[in-house]
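For reference, the structure is listed below as structure tokens.
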Amino acid sequence: MYTYIYDSYLNDKKYQNALFRIESRLLELGINGRIEKLTILKSLKELVADAVDRKSETLVIVGNDETLTRAISFLPSHNTIVGMIPMGPKNEIAELLGIPQEVDACDTVSRRIIEHIDLGKANGQYFLSRLEIPDMTKVKLECNGYSISMSHSGAAFICNMDLQKGPVRCNPQDGVLEAVIQPTEDHRSFTEVFKKKFSHSSVFPITSAFLRGFGENVPVLADGYTTLKTPVVIEIAPKQLQIIVGGRRSFS
120 MYTYIYDSYL NDKKYQNALF RIESRLLELG INGRIEKLTI LKSLKELVAD AVDRKSETLV
180 IVGNDETLTR AISFLPSHNT IVGMIPMGPK NEIAELLGIP QEVDACDTVS RRIIEHIDLG
240 KANGQYFLSR LEIPDMTKVK LECNGYSISM SHSGAAFICN MDLQKGPVRC NPQDGVLEAV
300 IQPTEDHRSF TEVFKKKFSH SSVFPITSAF LRGFGENVPV LADGYTTLKT PVVIEIAPKQ
360 LQIIVGGRRS FS
């Protein structure tokens, strides 16, 4: 049984023709199912819980990165397969998963290529892509028996899946997270790492970490949308999510 959850922004008239084509294609493929729509009266958490209670085997998110990552945060404890039909902008995660836009994604859902992927976990909150620490001067990251902090401006990311092209490759199936420490380029500040000094980005594979604020609750951002505050316990949750992917996904 398939359940399709539509984000509320899809109520805009500009998406109606695309949604009609999607629903027609799903019917042709024989994978049409129950459609639920986010409203001010129906939260995403409630819709996900209802789908799980109905024992829906496949939950397909129709929306963007934010819709997907927020839905996933409610799902890992359940044996539910997740699919996605990307609509509109802000769909970098769908691209990494090899899922095309709009009606073409229906065929990807129908093929049901399912991968088990890792999730990150921060204070019990699951995240798919990364945890962002905007200001490393206000925190200390404890991992692998060491402490990492910065005396000048810079940021850090705890990465599970790549969202930006660059030298750091994060594979959501390798059983580890990557801690990426990035001094601000203009300052080229030094990073105190393992009592050595680095003036460039440094990457450390981790399975767990603890983020401690210096005398205040420092905000960090999970998946670009959810704000958490220190202290933060960070863990890897290996193979926690079953998700439908396309043939052109960025990982094997």
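Positions in the sequence shown are counted from 1; adding 119 to them yields the working numbering.
From the three backbone atoms N, C-alpha and C, an ideal C-beta is built for every residue, glycine too.
- Taking each of 222, 357, 156 and 300 in turn and checking the Cα distance to residue 136, the smallest one comes out for 222.
- Rounded to the nearest angstrom, the Cβ distance from residue 346 to residue 338 is 5 Å, consistent with a contact under 8 Å.
- Exclusion of the five residues before and after residue 166 leaves 124 and 155 as the residues of its chain whose Cβ lies within less than 6 Å of its Cβ.
- A Cβ-Cβ distance of about 6 Å is found for the pair residue 366 and residue 217, placing them in contact under the 8 Å criterion.
- For residue 141, the enclosing alpha helix (DSSP H) covers residues 135-148.
- Bounds of any alpha helix (DSSP H) do not take in residue 173, whose DSSP letter is neither H nor E.
- Across the set 281, 210 and 208, the C-alpha of 281 shows the shortest separation from the C-alpha of residue 238.
- Taking the Cβ atoms as the reference, residue 356 lies roughly 19 Å from residue 323, outside the contact range of under 8 Å.
- Scanning 273, 276, 208 and 292 for the CA closest to the CA of residue 129 turns up 208.
- Per DSSP, the unbroken alpha helix (DSSP H) holding residue 228 starts and ends at 223-230.
- Taking the Cα positions, residue 170 is about 10 Å away from residue 120.
- Its chain contains 151 and 225 as the residues whose beta carbon lies nearer than 7 Å to that of residue 145, once the 5 sequence neighbours on both sides are disregarded; these appear in chain order.
- Distances from the alpha-carbon of residue 199 to those of 368, 211, 359 and 369 put 359 closest.
- Between residue 295 and residue 278, the alpha-carbon positions lie close to 9 Å from each other.
- Secondary structure within the stretch 248-283: not one fully enclosed alpha helix (DSSP H) run of 4 or more consecutive residues is present.
- With fewer than 16 other Cβ atoms from the protein chains shown falling within 10 Å of its own Cβ, residue 336 counts as exposed.
- Straight-line spacing of the CA atoms in residue 364 and residue 134 works out to 23 Å.
- Here the alpha carbon of residue 252 sits roughly 14 Å from the alpha carbon of residue 321.
- The Cβ-Cβ distance between residue 193 and residue 261 does not fall below 8 Å.
- Under the criterion of beta carbons closer than 8 Å, residue 229 and residue 178 do not qualify as touching, at roughly 15 Å.
- Put simply, the backbone Cα of residue 341 is about 27 Å away from that of residue 172.
- Where residue 155 is concerned, the enclosing beta strand (DSSP E) starts and stops at 153-156.
- Secondary structure of residue 122 (DSSP, three-state): strand.
- According to the DSSP assignment, residue 214 belongs to the alpha helix (DSSP H) that extends over 211-215.
- Cα atoms of residue 184 and residue 211: separation of roughly 7 Å, rounded to the nearest angstrom.
- Within the same chain, 347, 351 and 352 come within 7 Å of residue 242 by CB-CB distance, once the 5 residues on both sides are set aside.
- Boundaries of the alpha helix (DSSP H) around residue 189: 184-191.
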